[in-house]
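Residues 3 to 341 in the working numbering are what the sequence shown lists, from first letter to last. Since the structure comes first, as structure tokens, the remarks are kept for the end.
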Amino acid sequence: MDKQDILDIKALLTTPKKIAIIPHKNPDGDAIGSTLGLLNYLLQLNHDAVVIAPNDFPDFLKWLPKVETIKIHETNKDVCDTFINTADIVFTLDFNALHRTGNMATVLENSNAIKIMIDHHQQPDNYAKYMFSDVTMSSTCEMVYHFLDKLGALNYINPEIATCLYVGIMTDTGSFRFRSTTSTTHRIIAQLIEKGADNTQIHNNVYDTNSYNRLQLLGCALSNLKVLPEHKAAYITLSQDELQKLDYKKGDTEGFVNYALSLNKTVLAAIFIEDRKQGIIKISLRSKGDFSVNELSRAHFEGGGHTNAAGGKSDESLSKTVEKFISILPKYSKALNNE
Ligand code: 5GP
Ligand code: MN
């Protein structure tokens, strides 16, 4: 995004517009934080703006400022489609290809609205008129901060926006520890605290919300943990029966894969979660160092993401998917053992 793009967008936003703000399917803290943060800014400029999420998101995000205004496409399709079809501008946040919105992809492809992408995932598709794509960024929330800075709009950051952006930076950096966390990230976090983000309260709201069942599910996941020391890899499985037994709720498995990665000498970690309703195995992959799970997922599991965090899926059974994972590892063994 160059200077002219910023001038164009600034000019676009000088008169009230109808604006849809879209996160990816199964939105996480960064997707919800960035869209709500941007929403809050656009509402201050008197735009008719709304966040439209492809589907529901975890309860640990449901306290965020203005979260109650989010429209869910999966359960409110007609209203959402009409809004998108009549929007002047569509912001797409925290994803790099329209298919990442699931069933919303078609309405977004067909929309005549001016599309503005803000995203930090690798290999972005070229669907937006204005592309603000930077794979070195810790999070889309950090990018929204830079975007507001470029627009000369930092003074619009109120405690609500500061809270939303803090949440996304915190969740996408594993609480400021992943490699994408820079001194600039910390400077922005400092600014957000000065502008009213209550860091202790935010950490409590997001991380200290375990239900008894979720902790039991973690126990189940940890007892299913398998280690492949020759490949410096570890993986966890969760079957639909195990999820159901412990009354699984959306978001309950968030972060489980990190326990596999926390094993000493482990460079690659995976979690395989059976979703019988969709007929797929949802896969989360994590790595340390230069080993790219983005590449691994693109090559074998119809997914992608970042170097050290990616997602994907498999249409085969849980056991077949695990077999496939184990069978491809010898190809990567050299790279894994070099880390
Ligand atoms: P998670 O494992 O937490 O679902 O996702 C890790 C990262 O990979 C996130 O940045 C997420 O947006 C991205 N990601 C997850 N699933 C997919 C996928 O199917 N395709 C692509 N391109 N990225 C994904
Ligand atoms: Mn993100």
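Where is the CB? At the ideal position from N, CA and C, for every residue including glycine.
Leu194 to Ile330, Cα distance in whole Å? Residue mapping note: residue 194 aligns to position 192 of the sequence shown, counting from 1. Residue mapping note: residue 330 aligns to position 328 of the sequence shown, counting from 1. If you take the alpha carbons of Leu194 and Ile330, they lie about 43 Å apart.
Just the residues with CB closer than 5 Å to a heavy atom of ligand 1, in chain order, which are they? Around ligand 1, the residues selected by a Cβ distance under 5 Å to any of its heavy atoms are Ser286, Gly305, Gly306, Gly307, Ala311, Ala312 and Gly313, following chain order.
Taking only beta-carbon positions, decide if Leu298 is within less than 7 Å of chain C. This model lacks chain C altogether; it includes just one protein chain.
Three-pair Cβ contact test at 8 Å for the region 153-167 versus the region 128-138: As far as the Cβ criterion goes, the region 153-167 does not touch the region 128-138, which means the pair count is below three.
Three or more C-beta pairs under 8 Å: does that hold for the region 175-183 against the region 59-69? Too few Cβ pairs lie closer than 8 Å, so no.
Alpha-carbon to alpha-carbon, Tyr168 and Lys64: The residue labelled residue 64 in the question sits at position 62 within the sequence shown. The residue labelled residue 168 in the question sits at position 166 within the sequence shown. Between Lys64 and Tyr168, the C-alpha separation is close to 15 Å.
Check whether Ala89 and Ala22 have beta carbons under 7 Å apart: As a working note, residue 89 is residue 87 in the sequence shown. As a working note, residue 22 is residue 20 in the sequence shown. If you check the CB distance, Ala89 and Ala22 come in under 7 Å.
Ala29 burial status per 10 Å Cβ neighbour count (16 or more: buried): Against the sequence shown, residue 29 aligns to sequence position 27. For the sequence presented, residue 29 should be read as Pro rather than Ala. Result: buried.
Ala55 - DSSP class collapsed to helix/strand/coil: Residue mapping note: residue 55 aligns to position 53 of the sequence shown, counting from 1. Ala55: strand per DSSP, three-state reduction.
At least three beta-carbon pairs within less than 8 Å, the region 274-281 to the region 134-144: Contact between the region 274-281 and the region 134-144 is absent, because fewer than three Cβ pairs lie under 8 Å.
Let me check you understand the geometry: is the CB of Asp32 closer than 6 Å to at least one non-hydrogen atom of ligand 2? Translated into the one-based positions of the sequence shown, residue 32 becomes position 30. Checking every heavy atom of ligand 2 against the Cβ of Asp32, one is found closer than 6 Å.
With three or more C-beta pairs closer than 8 Å as the rule, is the region 292-299 touching the region 312-319? As far as the Cβ criterion goes, the region 312-319 touches the region 292-299, which means the pair count is three or higher.
Quick one: what does DSSP say Glu304 is sitting in, helix, strand or coil? Your numbering for residue 304 matches position 302 in the sequence shown. Looking at Glu304 - three-state DSSP - the assignment turns out to be coil, as it is neither helix nor strand.
Can we say the region 265-273 touches the region 220-240, given the rule of at least three CB pairs closer than 8 Å? Counting C-beta pairs closer than 8 Å gives three or more between the region 265-273 and the region 220-240, which meets the contact rule.
Using CA atoms only, rank isn't needed, just tell me which of Val146, His49 and Glu76 is closest to Thr94. As a first step, residue 94 is located in the sequence shown; it is residue number 92 there, counting from the start. Nearest of Val146, His49 and Glu76 to Thr94, Cα basis: Val146.
Considering only C-alpha positions, which residue in the set Lys322, Ser289, Gly291 and Ile285 is nearest to Glu304? Counting from 1 along the sequence shown, the entry for residue 304 is found at position 302. Comparing alpha carbon positions, the residue from Lys322, Ser289, Gly291 and Ile285 closest to Glu304 is Ile285.
Ser135 CB to nearest heavy atom of ligand 2 below 6 Å: Numbered from 1 along the sequence shown, position 133 holds the residue referred to as residue 135. Incorrect: Ser135 has no Cβ contact closer than 6 Å to ligand 2.
Below 8 Å on the Cβ atoms is my contact criterion, and I expect Ile273 with Ile238 to pass it. Report the Cβ-Cβ distance as a whole number of Å. Position 271 of the sequence shown, counted from the first residue, corresponds to residue 273. Position 236 of the sequence shown, counted from the first residue, corresponds to residue 238. Taking the Cβ atoms as the reference, Ile273 lies roughly 4 Å from Ile238, within the contact range of under 8 Å.
What is the DSSP secondary structure of Arg288, reduced to helix, strand or coil? As a working note, residue 288 is residue 286 in the sequence shown. In the structure shown, Arg288 adopts extended strand secondary structure according to DSSP, grouped into three states.
Kindly list the residues whose CB is nearer than 7 Å to the CB of His101, restricted to its own chain and excluding five residues on each side of it in sequence; keep chain order. In the sequence shown, residue 101 corresponds to position 99, counting from 1. Correct list, in chain order: Ala107.
Using CA coordinates, which residue listed in Thr202, Ile204, His205 and Glu244 is at the minimum distance from Leu217? In the sequence shown, counting from the first residue as 1, residue 217 sits at position 215. The shortest C-alpha to C-alpha distance from Leu217 to any of Thr202, Ile204, His205 and Glu244 is the one to Glu244.
Tell me which residues share the same chain as Ala262 and place their Cβ nearer than 8 Å to its Cβ, disregarding the 5 neighbours each side in the sequence. The residue given as residue 262 occupies position 260 in the sequence shown. The residues are Leu227, Ala236, Tyr237, Ile238, Thr268, Ala271, Ala272, Ile273 and Arg288.
Taking all protein chains shown into account, do 16 or more other C-beta atoms lie within 10 angstroms of the C-beta of Ser319, making it buried, or fewer, making it exposed? Taking the sequence shown and counting its residues from 1, one reaches residue 319 at position 317. Label assigned to Ser319: exposed.
Does the distance from the C-beta atom of Gly291 to that of Glu341 stay below 7 Å? For this step, residue 291 is matched to residue 289 along the sequence shown. For this step, residue 341 is matched to residue 339 along the sequence shown. With respect to the 7 Å criterion, Gly291 and Glu341 are classified as neighbours on the basis of their beta carbons.
Got a sec, what are the start and stop residues for the beta strand (DSSP E) Val229 sits in? In the sequence shown, the residue the question calls residue 229 occupies position 227. For Val229, the enclosing beta strand (DSSP E) covers residues Lys228 to Leu230.
Could you give the distance in angstroms between the alpha-carbon of Val137 and the alpha-carbon of Asn215? The sequence position of residue 137 within the sequence shown is 135, counting from 1. The sequence position of residue 215 within the sequence shown is 213, counting from 1. Straight-line spacing of the CA atoms in Val137 and Asn215 works out to 36 Å.
In angstroms, rounded to a whole number, what distance separates the CA positions of Lys197 and Gln203? Residue 197 sits at position 195 when you count from the first residue of the sequence shown. Residue 203 sits at position 201 when you count from the first residue of the sequence shown. Each residue's Cα considered, the two are about 15 Å apart.
Out of curiosity, what's the CA-to-CA distance linking Asn109 and Leu41? By 1-based counting over the sequence shown, the position of residue 109 is 107. By 1-based counting over the sequence shown, the position of residue 41 is 39. Residue 109 is actually Val in this sequence, not Asn. Rounded to whole angstroms, the separation of the alpha carbons of Leu41 and Val109 is 21 Å.
If Lys252 and Asp7 are in contact, beta carbons under 8 Å, what's the gap, nearest whole angstrom? Taking the sequence shown and counting its residues from 1, one reaches residue 252 at position 250. Taking the sequence shown and counting its residues from 1, one reaches residue 7 at position 5. Not quite, the Cβ-Cβ distance comes to about 36 Å (not below 8 Å), so this is no contact.
If Leu38 sits next to Val53, beta carbons under 8 Å apart, how far is it from one beta carbon to the other, in whole angstroms? Reading the sequence shown from its first residue, position 36 is the one you call residue 38. Reading the sequence shown from its first residue, position 51 is the one you call residue 53. That belief holds up - the Cβ atoms of Leu38 and Val53 are roughly 6 Å apart, short of 8 Å.
For a test of the three-state rule: what should DSSP assign to Ala236, helix, strand or coil? Locating residue 236 in the sequence shown gives position 234, counting from the first residue. It is a strand residue.
If you check the beta carbons only, do Phe293 and Ala223 fall under 7 Å apart? As a first step, residue 293 is located in the sequence shown; it is residue number 291 there, counting from the start. As a first step, residue 223 is located in the sequence shown; it is residue number 221 there, counting from the start. No; because the gap between Cβ atoms is not below 7 Å, this pair is not in contact.
Cβ neighbour criterion (16 or more within 10 Å) applied to Asp80: The sequence position of residue 80 within the sequence shown is 78, counting from 1. Exposed: under 16 other Cβ atoms inside 10 Å.
Report all residues from its chain with a CB closer than 8 Å to the CB of Val259; omit the five preceding and five following residues, and keep chain order. To locate residue 259, count along the sequence shown from 1; it is residue 257. For Val259, where only same-chain residues beyond five positions count, the Cβ hits under 8 Å are Ile238, Ala271, Ala272, Ile273, Ser286, Leu287 and Arg288.
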